[in-house]
Amino acid sequence: MHEPRNDIDLSRFEGILKRRRKAIVDDISRELEKHEDQRFADLIQQAADPDDRSVADLLVDLNLSELNRDVEELRAIEYALARVRAGSYGICRACGEPIPEERLEAIPETPLCVECQSRAEEARDARTPSL
Ligand SMILES: [Zn+2]
220 MHEPRNDIDL SRFEGILKRR RKAIVDDISR ELEKHEDQRF ADLIQQAADP
270 DDRSVADLLV DLNLSELNRD VEELRAIEYA LARVRAGSYG ICRACGEPIP
320 EERLEAIPET PLCVECQSRA EEARDARTPS L
């Protein structure tokens, strides 16, 4: 277990993540309204309020493939917010080293440092069969 980062402003990053979360939820909500399915839009707005409700899970239940990218980002943000609460935000999930602040500025929801991220991508590429 690590101590929470004290060299970065955690509450500022939490604010960034929450604003980003809200923007994506609004985005998804607009997308759903375009489908003229008010049921979905209502669901999203309900889910946007309570902090403990996972919007990502709700959207997976709706199974809307065109929203997959938003859902994925939302899931990453919710995970990052959970890590803020747990005191592990900004610490690489794989190697346990602090993630440089510039990286967190660029990708606030990332759970991995650059090295572990590229290792994860290499591993993923290796699993993908080539044609
Ligand atoms: Zn790492």
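Mapping of the sequence shown onto my numbering: position 71 corresponds to residue 290, and the numbering continues sequentially without gaps. Every residue gets a Cβ at the ideal spot worked out from N, C-alpha and C, and that includes glycine.
A residue is called buried when at least 16 other Cβ atoms come within 10 angstroms of its Cβ; S230 does not meet this threshold and is exposed. In this chain, N225 is not harboured by any alpha helix (DSSP H), its DSSP state being neither H nor E.
In this structure E321 is exposed. Its beta-carbon is surrounded by fewer than 16 other beta-carbon atoms within 10 angstroms.
Judged by DSSP in its simplified three-state form, I310 adopts strand. Look at the beta carbons and you see the region 291-301 touching the region 314-334: at least three pairs across the two are nearer than 8 Å. A Cβ closer than 6 Å to some heavy atom of ligand 1 marks a residue here, and those residues are C311, A313, C314, E316, L331, C332, E334, C335. The closest CA to that of D289, considering only S337, G315, C311, R240, is found on R240. Within the DSSP bridge table, the entry for P317 names I310 as partners.
CA-to-CA, the gap between E250 and V244 works out to about 10 Å.
If you draw a straight line from the Cα of E285 to the Cα of I310, it comes to about 32 Å. Taken through DSSP and simplified to helix, strand or coil, I326 comes out as coil. Minimum Cα-Cα distance from D246 among the listed residues Q264, R312, G306 corresponds to Q264.
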